[in-house]
Amino acid sequence: MEKNNYTVVITGGAPYMKEYNFNTSAMIRDSIPNSSLTGTDKDIHVLKYPIDVECTFESMGNMIDEVWSRKLAVFHPGAQDNQTIDYNLVIHMGMREGEDRICFESMARKERMKFKGLDGKGLPSKYDAVGGLWEGVPGVLHPDLDIAGAAEKVALQYPLWSSLGLLTKQGNPRIACFVYVPKATDDEAIQSGVKVTVAFISALVDAMDTEKMLALYSICWSNIFWIAIAIMEVAFASRDRAVRCQTPHPERFSKTTDNPGSKKVMQKLSWTLFLGNKAAKLIEEPQDPRCEDGEVCTKLIEDPQDPGCEEELGGEDEREQEEEEEQMKRSVHF
Numbered sequence: 111m112e113k114n115n116y117t118v119v120i121t122g123g124a125p126y127m128k129e130y131n132f133n134t135s136a137m138i139r140d141s142i143p144n145s146s147l148t149g150t151d152k153d154i155h156v157l158k159y160p161i162d163v164e165c166t167f168e169s170m171g172n173m174i175d176e177v178w179s180r181k182l183a184v185f186h187p188g189a190q191d192n193q194t195i196d197y198n199l200v201i202h203m204g205m206r207e208g209e210d211r212i213c214f215e216s217m218a219r220k221e222r223m224k225f226k227g228l229d230g231k232g233l234p235s236k237y238d239a240v241g242g243l244w245e246g247v248p249g250v251l252h253p254d255l256d257i258a259g260a261a262e263k264v265a266l267q268y269p270l271w272s273s274l275g276l277l278t279k280q281g282n283p284r285i286a287c288f289v290y291v292p293k294a295t296d297d298e299a300i301q302s303g304v305k306v307t308v309a310f311i312s313a314l315v316d317a318m319d320t321e322k323m324l325a326l327y328s329i330c331w332s333n334i335f336w337i338a339i340a341i342m343e344v345a346f347a348s349r350d351r352a353v354r355c356q357t358p359h360p361e362r363f364s365k366t367t368d369n370p371g372s373k374k375v376m377q378k379l380s381w382t383l384f385l386g387n388k389a390a391k392l393i394e395e396p397q398d399p400r401c402e403d404g405e406v407c408t409k410l411i412e413d414p415q416d417p418g419c420e421e422e423l424g425g426e427d428e429r430e431q432e433e434e435e436e437q438m439k440r441s442v443h444f
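If you're matching positions, the sequence shown starts at 111 in my numbering and goes up one per residue.
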């Protein structure tokens with residue numbers, strides 16, 4: 111069977127605080143496989159932007175220009191200057207200080223970028239001046255991010271907002287996402303970040319294939335995790351005890367979405383995480399004061415298995431669950 115090929119671009123950040131000589135977003139980017147097979151008929155190719163993006167408008171502007179030039183030489187220096195490549199998705203990643211969860215942004219506001227970057231320079235006038243590159247672009251774009259607070263956080267809005275703004279001006283699908291990752295550099299933290307990112311890419315590509323780009327127009331990172339438990343409950347509706355043992359309780363999640371593309375992507379992501387590691391689950395605490403407005407923060411918790419689950423799940427129920435897991439393993443890979 112002929113494979114359907116998809117291309118995803120991932121960018122990462124450079125160190126931006128004096129206390130750190132690293133940026134975990136770049137570490138996670140570099141740890142993601144260059145190709146990820148999600149099924150018998152899908153092949154994902156990952157292009158990694160080779161420059162760690164500094165928290166300045168100049169560095170971010172250069173990255174945006176290079177990524178959306180679609181020139182293959184940006185990723186493969188040996189390519190001819192006139193060789194181009196199309197992408198199905200662009201994921202911008204950055205590190206957030208003082209955060210132990212992965213945070214997914216939900217909107218971006220142009221007005222929030224009226225601050226200076228870490229080099230002391232503000233937004234270049236060529237973008238926002240009368241007749242500038244962003245003239246006519248809405249002040250709020252989706253799927254986007256909303257950052258309040260310090261200048262470095264506001265500056266980090268630029269990659270996603272600028273990508274979406276450029277695509278809006280071009281009349282193209284807004285196929286960019288942004289995710290913040292924690293500062294922890296241990297192997298477990300980096301691999302957890304890789305697992306979630308790869309699973310999300312796999313889910314989006316699956317949605318692209320089945321929904322003809324519907325998900326890319328309307329899904330933002332926040333939608334993905336609000337409905338995680340609802341989808342897992344549906345998947346295991348006939349085995350309530352299995353649900354209680356394999357997933358966190360649904361009453362902890364307060365938001366849902368009616369977007370059908372989001373539901374399909376979340377179903378794919380839930381299955382991928384569940385099958386990839388039976389003792390892994392996503393925990394979300396939307397009331398946590400560390401979650402800023404417009405954000406969804408999650409934890410990937412290892413070994414959440416209830417001690418009583420092994421005894422509770424047995425006999426025919428257990429055999430049915432194992433059969434269903436085997437069936438899903440044959441159709442879900444990354």
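Quick reminder that beta carbons are idealized off the backbone N, C-alpha and C, glycines included.
In this text, all values refer to a predicted model and were calculated from it rather than measured experimentally.
For the alpha helix (DSSP H) containing residue i, list its first residue and its last residue.
| i | result |
| --- | --- |
| Gly171 | 167-179 |
| Asp140 | 134-141 |
Grouping DSSP H, G and I as helix and E and B as strand, with all else coil, what is residue i?
| i | result |
| --- | --- |
| Asp153 | strand |
| Ile120 | strand |
| Met127 | coil |
| Lys231 | coil |
| Lys293 | coil |
| Lys305 | helix |
| Ile201 | strand |
Go through its chain and collect everything with a Cβ distance to residue i's Cβ below 7 Å, but skip five positions before and after it.
| i | result |
| --- | --- |
| Ile142 | Ile120, Val156, Val304, Thr307, Val308 |
| Thr194 | Arg180, Lys181, Leu182 |
| Ala299 | Pro292 |
| Met127 | Glu207 |
| Phe132 | Pro125, Thr295 |
Leaving aside the five residues before and after residue i along the sequence, list all residues of the same chain whose C-beta is less than 8 Å from its C-beta, in chain order.
| i | result |
| --- | --- |
| Thr166 | Gly227, Leu228, Asp229, Lys231, Ala265 |
| Glu168 | Gly227, Asp229, Lys231, Pro234 |
| Thr134 | Met205, Val291, Pro292, Lys293, Ala294, Thr295, Ala299, Ile300, Gly303 |
| Val315 | Tyr116, Val118, Thr148, Lys152, Ile154, Asn198, Leu199 |
| Asp191 | Lys181, Ala183 |
Grab the span of the beta strand (DSSP E) containing residue i for me, first residue to last.
| i | result |
| --- | --- |
| Ile195 | Neither: Ile195 is in no beta strand (DSSP E) and is coded neither H nor E. |
Taking residue i and residue j to be in contact with their CB atoms under 8 Å, please state how far apart those CB atoms are, rounded to whole angstroms.
| i | j | result |
| --- | --- | --- |
| Ile311 | Leu199 | 7 Å |
Does any heavy atom of the ligand MG sit closer than 7 Å to the C-beta of residue i?
| i | result |
| --- | --- |
| Ala136 | Questions concerning the ligand MG fall outside what the structure shown contains, since it holds no ligand whatsoever. |
Looking only at its chain, what residues have a beta carbon closer than 6 Å to the beta carbon of residue i, apart from the 5 residues adjacent to it on each side?
| i | result |
| --- | --- |
| Glu164 | Ala124 |
Quick check: the segment 176-195 against the segment 153-160, are there 3 or more CB pairs under 8 Å?
yes
When you compare the segment 169-179 with the segment 133-141, are there three or more beta-carbon pairs, one atom per stretch, that lie closer than 8 Å?
no
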